[in-house]
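Reviewing the structure listed below.
Protein chains: 2
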Amino acid sequence: MTNKVNLAEKLSLFSDHWSPKIVGEVNDFDVKLAKVKGEFVWHQHDEEDELFLVLKGKLVIELRDGKVELNEGEFYVVPKGTEHKPFAAEEVHLMLLEKKTVKHTGDVVDALTVREFQRL
Amino acid sequence: MTNKVNLAEKLSLFSDHWSPKIVGEVNDFDVKLAKVKGEFVWHQHDEEDELFLVLKGKLVIELRDGKVELNEGEFYVVPKGTEHKPFAAEEVHLMLLEKKTVKHTGDVVDALTVREFQRL
Numbered sequence: 034m035t036n037k038v039n040l041a042e043k044l045s046l047f048s049d050h051w052s053p054k055i056v057g058e059v060n061d062f063d064v065k066l067a068k069v070k071g072e073f074v075w076h077q078h079d080e081e082d083e084l085f086l087v088l089k090g091k092l093v094i095e096l097r098d099g100k101v102e103l104n105e106g107e108f109y110v111v112p113k114g115t116e117h118k119p120f121a122a123e124e125v126h127l128m129l130l131e132k133k134t135v136k137h138t139g140d141v142v143d144a145l146t147v148r149e150f151q152r153l
Numbered sequence: 034m035t036n037k038v039n040l041a042e043k044l045s046l047f048s049d050h051w052s053p054k055i056v057g058e059v060n061d062f063d064v065k066l067a068k069v070k071g072e073f074v075w076h077q078h079d080e081e082d083e084l085f086l087v088l089k090g091k092l093v094i095e096l097r098d099g100k101v102e103l104n105e106g107e108f109y110v111v112p113k114g115t116e117h118k119p120f121a122a123e124e125v126h127l128m129l130l131e132k133k134t135v136k137h138t139g140d141v142v143d144a145l146t147v148r149e150f151q152r153l
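From first to last, the protein sequence lines are chains A and B.
Using my numbering, the first residue of the first sequence is number 34, and each one after it goes up by one.
Using my numbering, the first residue of the second sequence is number 34, and each one after it goes up by one.
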């Protein structure tokens with residue numbers, strides 16, 4: 034029997050920004066938690082849609098043709114192949130859902146790029 | 034540009050129990066919302082893991098070798114091939130995540146079986 038996951042408990046285990054942690058797996062998808070603040074890099078995932086669910090705070094996802102503002106209890110799915118840049122004026126807590134094949138910053142390699150996601 | 038989803042708003046649009054609504058798609062996965070109360074049927078999904086995230090209330094997932102109690106902000110992934118029976122003494126609001134191939138009650142056909150999930 035696998036264990037249940039308490040989101041608040043997992044979130045209490047880390048404080049680094051822009052470094053999603055794997056907290057669950059559903060077939061070939063990972064469930065991740067992240068804390069973010071400030072600006073991420075423009076990037077895209079050619080094959081993977083990416084779900085952002087805001088657990089706390091307000092996240093802005095900039096797109097080339099507009100932007101999406103997400104408050105607590107709201108999610109948005111960035112379609113595959115769509116350039117996006119997340120931004121958070123204040124710290125935001127996120128649940129992410131994406132295929133295991135996804136690369137953190139797409140084909141962009143940046144100081145923020147995480148090559149292997151940590152499991153919590 | 035697709036639209037963001039507000040969980041509370043979507044939940045306000047329906048009141049029927051044990052009838053998950055599709056509110057988002059991430060590659061070959063559906064994100065669903067459901068309201069449940071009472072007892073579901075024993076069933077399993079041979080190929081699909083199934084994530085239950087409790088948004089409100091307390092859900093019990095009975096398994097053949099135990100049970101999992103989920104409160105608000107907790108999730109559990111029922112591994113594929115695992116018999117399970119959800120139960121809610123009081124109404125529970127859920128977010129579900131599962132592959133589009135999943136059948137509501139597995140190979141069991143019951144009065145509760147939904148053959149085609151509604152989109153909201």
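For every residue, glycine included, the Cβ atom is placed at its ideal position computed from N, Cα and C.
Cβ neighbour criterion (16 or more within 10 Å) applied to B/Asn-104: Reading the second sequence from its first residue, position 71 is the one you call residue 104 of chain B. With fewer than 16 Cβ atoms within 10 Å of its Cβ, B/Asn-104 is classed as exposed.
Positions along the stretch 97-122 of chain A whose CB lies within less than 7 angstroms of some CB in chain B: Asp-98, Gly-99, Val-101, Leu-103, Gly-106, Glu-107, Phe-108, Tyr-109, Val-110 and Pro-112
Nearest to B/Asn-36 (by Cα), restricted to the options A/Pro-119, A/Lys-133, A/Glu-124 and A/Val-101: Mapped onto the second sequence, residue 36 of chain B falls at position 3. Nearest Cα to B/Asn-36 within the set A/Pro-119, A/Lys-133, A/Glu-124 and A/Val-101: A/Val-101.
Beta-carbon spacing of B/Gly-57, A/Phe-108 below 9 angstroms: Reading the second sequence from its first residue, position 24 is the one you call residue 57 of chain B. Reading the first sequence from its first residue, position 75 is the one you call residue 108 of chain A. Yes.
Cβ distance (whole Å) where A/Val-125 is taken to contact A/Gly-99 below 8 angstroms: The residue given as residue 125 of chain A occupies position 92 in the first sequence. The residue given as residue 99 of chain A occupies position 66 in the first sequence. Not confirmed; about 19 angstroms, so no contact.
Within chain B, partners of A/Glu-95 - CB distance below 8 angstroms: As a first step, residue 95 of chain A is located in the first sequence; it is residue number 62 there, counting from the start. Going along chain B, no residue has its Cβ under 8 angstroms from A/Glu-95, so there is no contact; the nearest lies around 12 angstroms.
A/Leu-46, enclosing beta strand (DSSP E) - first and last residue: Along the first sequence, one-based indexing puts residue 46 of chain A at 13. Segment: none, A/Leu-46 is in no beta strand (DSSP E) and carries neither H nor E.
Simplified DSSP assignment, three categories, for A/Glu-123: Counting from one through the first sequence, the residue named residue 123 of chain A turns up at place 90. Of the three classes helix, strand and coil, the one that applies to A/Glu-123 here is strand, per DSSP.
Secondary structure, beta strand (DSSP E): runs of 3+ residues fully inside the stretch 89-150 of chain B: Runs of the beta strand (DSSP E) inside the stretch 89-150 of chain B: 92-96, 99-103, 107-111 and 117-132.
A/Gln-77, buried or exposed, once every other Cβ within 10 Å from all chains shown has been counted against 16: The sequence position of residue 77 of chain A within the first sequence is 44, counting from 1. Its Cβ being crowded by 16 or more others within 10 Å, A/Gln-77 is buried.
C-beta contact flag for A/Lys-65 and A/His-50 at 9 angstroms: Along the first sequence, read from residue 1 onward, the residue named residue 65 of chain A stands at position 32. Along the first sequence, read from residue 1 onward, the residue named residue 50 of chain A stands at position 17. A distance of 9 angstroms or more separates the beta carbons of A/Lys-65 and A/His-50.
Outcome for A/Asp-82 when other beta-carbon atoms lying within 10 angstroms are tallied against a minimum of 16: Taking the first residue of the first sequence as 1, we reach residue 82 of chain A at position 49. So A/Asp-82 counts as buried.
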